[in-house]
Amino acid sequence: MIEYSQSENRMVLKLVYYGPAMSGKTTNLLTLHELLAKDDRGDLMVLDTVDDRTIFFDLLPFFLVAPSGLKIKVKVFTVPGQVKHDATRKAVLQRADGVVFVADSQIKEQMNNATSFENLEQNLSLVGIDIEAVPLVIQFNKRDLKEIIEAAEIDRLWSSSGLPVLFSSALKGDGVVETFAAITGQVYEHLDEKFGLAALHGLAKDAFVDQLCRLRGSDGDQA
Amino acid sequence: MNRHSEQIEYLVGQEHDLPALFQSLEVRGLLHEALNAGVLQVLIKLEDGSAVCSEGTQNSAAAGREIRMPLSLEGERVGHLLVRGREGDDALDAVAGILRSAISVVMHNNLKRMMTAEMHTSLVTTTYDELLSKNLELSASETRYRELAQNLEVKVRERTEELGRAHARLLQQEKLASIGQLAAGVAHEINNPIGFINSNLATLRKYVGRLLEMLDWYRLQPASAGQLNEAADLKARELKLEMVKGDVWDLLDQSLAGAERVRKIVADLKGVSHVDEAYGATFDLRLEVERTLSVMRAQLPVDATVQCDLVDTPPVAGNGALFCQALVNLIQNAVQAVPSSLVLKLGSFRSPGKVVFSVADNGSGVSEELRSRIFDPFFSTRDVGAGTGMGLAVVYDIVKNCGGSISVGDAPGGGALFTMEFPLLSQEGV
């Protein structure tokens, strides 16, 4: 958590999209930005890129208020996937409340997925986050491509981890909001235990997730 | 080094409030331009009502219309823009809209710039901290290695000295071994003459006894010449003086010759060991070879032949005793290499600027791959324990000490050929 102030009745959360280079982390955020309702969220902030590759991070902020008046800001970050930006990844990962690991479904990228996941495990432990406890979902992206690893194989490989695995095609907009809903749902449960979101603030899980994942053009969108 | 990390504690995603984004004059300029467009007053206020920025004055008489527009930062409402204008100012809405958009863009861009700067600073700080700690580690390991290197030098020096002492000890042992062999040969040589000198002296002692007895007898006889002669003959016969007379000269001659042989051997031995000479002078190669051969001859097998083809050469720099030692080693080597019918060929000749001396045998020679190693200390082709591996190393050292060089090759008709080259002292040989 970036910030929690009881006096201001305010909390700022951090979600991080992690994964190997070119797996579609920024595309996930771009798609969320495009699909989700415009009010109560800020603009997508793409910090400087080189050749369209993230070098610092991208940020998509959301804002909501619980019935109790608790202000909740959710800042969704991406990290640069290239190996050389490890220091940046570590900095972004600090005090994350949830992580989405965006894997590349292409068969030739499986090695990079594994390396990047190892890197995630290592960096989480370096910044003092317990990988067993932190909300974490796996997204296998680029399902629209050919020569991809089969869903059954992915299930077989990942079922033992107990982590939710989602399939997406970020460029086409498939599975992106579902992934976001999955991670925000987990984050809610995690927070509810500590802060009593439902009991003390009257904020139910569905309300939390629905408000964050409200699609553009649905009720209440004033854009 | 941790000071840096403590000073800049930056968390990616940390919050920025509105005043932090309006430090520059750019927003004030925008507001001012709005006044030029006919707006009476423009204010930017936080949610709690405090003003961050304002331009123009509130003219209660003229102010007729007020437009409030929310300002959001990262989706969160953080304040609002207040535009007051005259009643009936048609452009007021448009100006307010433009102003809000412009301010939003400025906020967004400033936020982005700040985040970039913070991220950059954070990375630089971590990188610098890492560099510092790496630097510390490196200098620590450098210190460790420097200490190691210094110790190493001391260690190497100690070991080298130890090796040097061991080497010197081995050379000494090798020398003693050769001296021992030499002594055995010399003992054999001397034993023979001493043996017959001894036996001759015993016989002579007996003879001298008889002669003295004869003399005593003469002294005791009464003075009658005729009777005396007869009696004396009888006594002389009794003492076998006739035989003594014939033998005594032989015995003396033989003993003298034997004593002379012993004297010569001792002289040669002294020559070979050079006990009387100062160390490091020059030596006559031919003389030393001949001396060594005369001492060594007893050690050569009976069926061995030595062929010498030596010329007179100018004196060679170096210690003659050491040269003899080298030659002894080479000859012993040849004797061991060729157990029967050894033919040893020694030769010397002058060549421009140097004297060349060679020792050849008729054994099986030294194979090509062994040639570079046979002069190494401890290198031996003989069974373990049979050879010290020091013989040729000693030869090499001695020739080196004389300023010369030694090499091994094939002798004509097979066998090993050792060639030594000694530089001439002066220009006379050129």
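So the sequences go chain by chain: A and B.
Residue numbering for the first sequence follows this note's numbering, beginning at 1 and increasing consecutively.
Residue numbering for the second sequence follows this note's numbering, beginning at 1001 and increasing consecutively.
Positions of the beta carbon are idealized from the N, C-alpha and C atoms, including for glycine.
Source: prediction; values computed, not measured.
Option nearest B:N1362 by Cα separation, candidates B:V1343, B:D1303 and B:R1159:
B:V1343
Buried or exposed for A:P80, please, with buried defined as at least 16 other CB atoms from any protein chain shown within 10 angstroms of its CB.
buried
Closest to B:H1188 by C-alpha separation, out of B:W1217, B:E1242, B:L1099 and B:V1295, would be which residue?
B:V1295
If you measure from the beta carbon of A:V12 to each beta carbon in chain B, is any gap under 8 Å?
yes
Would you list the residues sitting across from B:A1416 in a DSSP beta bridge?
B:D1410
Less than 8 Å between CB atoms is the rule here; does A:K146 satisfy it with respect to chain B?
no
Give the secondary structure of A:P135 by DSSP, where H, G and I count as helix, E and B as strand, and everything else as coil.
coil
Apart from the five residues just before and just after A:M212, which ones in its own chain have a Cβ nearer than 6 Å to its Cβ?
According to the sequence as given, residue 212 of chain A is Leu; it is not Met. Correct list, in chain order: F62 and T184.
Taking 8 Å as the cut-off, decide whether the C-beta atoms of B:I1398 and B:Q1332 are in contact.
no
Please go through the same chain and pick out, in chain order, the residues whose beta-carbon is closer than 6 Å to the beta-carbon of B:R1077, but skip the five residues on each side of it.
P1070
Pairwise C-alpha distance: A:S23 and A:D174
15 Å
is_contact[B:G1075, chain A] using C-beta, thresh 8 Å:
yes
List, in chain order, every chain A residue whose beta-carbon is nearer than 9 Å to that of B:Q1014.
I2, E3 and V12
Using 8 Å as the limit for Cβ to Cβ distance, is A:G128 near chain B?
no
Can you tell me where the alpha helix (DSSP H) with A:Y18 in it begins and where it stops?
Unbroken run through A:Y18 is the beta strand (DSSP E), R10 to Y18; no alpha helix (DSSP H).
Span of the beta strand (DSSP E) holding B:Q1307?
T1305 to D1309
Going by C-alpha to C-alpha distance, which of A:E109, A:Q94 and A:E178 sits closest to A:D130?
A:Q94
Can you list the residues of chain C that A:K108 reaches, using a CB-CB cut of under 8 Å?
Included in the structure are the protein chains A and B, with no chain C among them.
Count the CB pairs spanning the region 1027-1037 of chain B and the region 1047-1057 of chain B that are closer than 8 Å, and state whether there are at least three.
yes
By DSSP, does B:L1424 sit in helix, in strand, or in coil?
strand
Identify which residue in B:P1193, B:V1289 and B:P1301 has its Cα closest to the Cα of B:L1327.
B:V1289
Within the 8 Å Cβ cut-off, does B:D1134 reach chain A?
This sequence places Lys at residue 1134 of chain B; Asp is not what is there. No, its Cβ sits nowhere closer than 8 Å to a Cβ of chain A.
When the Cα atoms are used, what is the spatial distance from B:N1109 to A:P164?
37 Å
DSSP three-state label for B:Q1058, please.
coil
Pull up the DSSP beta-bridge partners for A:L36, would you.
A:L215
Exposed or buried, what is B:E1142 when buried is set at 16 or more other beta-carbons lying within 10 Å of its beta-carbon?
exposed
Taking Cβ positions, are B:G1246 and B:I1197 nearer each other than 8 Å?
no
Sheet register partners of B:A1317 (DSSP bridge):
B:T1282
Starting from B:L1123, find everything on chain A with Cβ-Cβ shorter than 8 Å and list it in chain order.
A87, T88 and A91
Sub-8 Å separation of A:A264 and A:Q139 beta-carbons:
Past the edges of chain A, shown from 1 to 223, lies residue 264 of chain A, and the structure says nothing about it.
Spatial distance of A:S168 from B:R1065 (CA atoms):
51 Å
Just curious, the beta strand (DSSP E) that B:S1351 is in, first and last residue?
V1343 to S1351
Limits of the alpha helix (DSSP H) - the one that A:A66 falls within:
No alpha helix (DSSP H) contains A:A66, which DSSP labels as neither H nor E.
Partners in chain B for A:D43, counting only beta-carbon separations shorter than 8 Å
H1108
Taking the alpha helix (DSSP H) that A:L157 falls in, what are its first and last residues?
A151 to W158
For A:D40, which residues in chain B fall below 7 Å Cβ to Cβ?
G1075
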